[in-house]
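Quick note on numbering: numbering that gives the first Met the number 0 labels position 113 of the sequence shown as 112, and the sequence is numbered without any gaps. First the structure, in the form of structure tokens, and then the observations on it.
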Amino acid sequence: MVCLLCGFDLGKDADGNNIKGNHSQRTCTMRSMPCMYRLLPTSKFFKPGGTVSYLDKGCVHELKCPRCRAVGHLRHTLRITDELYARNNAGDPIRVKEAGFVERASDYMYKKLDDPHAAELKADVVGKSYRHHAVKNRLAGTAAALAGNLY
Ligand SMILES: [Zn+2]
Ligand SMILES: [Zn+2]
Ligand SMILES: [Zn+2]
């Protein structure tokens with residue numbers, strides 16, 4: 000399965016089936032959403048009725064961007080538009096295939112980001128994901144080898 004945010008893809012196994020990993024756009028480190036209560040009411044992701052007092056901790060709604068000093072996003076908070084994202088059953092934004100991967104400055108809320116930097120962020124996430132997967136496989140292989148020695 001291809002991660003529609005960063006493009007991470009484990010490919011297919013010898014039988015042509017998608018290799019399953021635990022990386023998807025639900026778990027991708029690139030998934031940094033804006034506060035849905037603070038979106039424009041015209042957005043299909045706008046959640047009405049929220050007040051800051053009972054919103055999730057960790058939401059960017061009152062965080063200040065260290066770069067541009069605006070409140071409500073961090074440098075890597077994604078810009079959620081109706082064209083690039085669809086709503087899943089829970090109402091959460093899911094990147095659509097037609098949008099391509101998140102690799103342009105316009106994909107982020109931080110306005111001064113440039114395209115090369117955005118591409119770098121994506122490459123970094125994909126690289127780390129492949130390394131993480133490789134390490135996990137190696138550890139699994141080592142564990143299997145150890146088990147083989149023991150029994
Ligand atoms: Zn990803
Ligand atoms: Zn919020
Ligand atoms: Zn900013």
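Ideal Cβ placement from N, Cα and C applies to all residues, glycine included.
Under DSSP, P92 forms a beta bridge with R86.
A straight-line Cα-Cα distance of about 10 Å links D113 and E102. Here N17 carries a strand assignment [DSSP, helix/strand/coil]. In this structure, K43 sits away from R94, with a CB-CB distance that is not shorter than 8 Å.
Per DSSP, the beta-bridge partners of K63 are V70. Using a cutoff of 7 Å, the CB of A104 does not count as near ligand 3, since none of the ligand's heavy atoms is closer than that. At a Cβ-Cβ threshold of 8 Å, L73 and C64 count as neighbours. Shown here, K11 sits in a strand according to DSSP, grouped into three states. Y107 carries a strand assignment under DSSP once its states are collapsed to helix, strand and coil. The nearest non-hydrogen atom of ligand 3 is 7 Å or more from the C-beta of R37. Within 10 angstroms of the beta-carbon of L120 lie 16 or more other beta-carbons, which makes it buried. For C34, the distance from the CB to the nearest heavy atom of ligand 2 is below 7 Å. The bridge partners DSSP lists for L77 are Y107. Per the C-alpha coordinates, the member of H116, L138, A98 positioned closest to L3 is A98. Distances taken from the Cβ of C64 to the heavy atoms of ligand 2 include none shorter than 7 Å. Taken through DSSP and simplified to helix, strand or coil, E119 comes out as helix.
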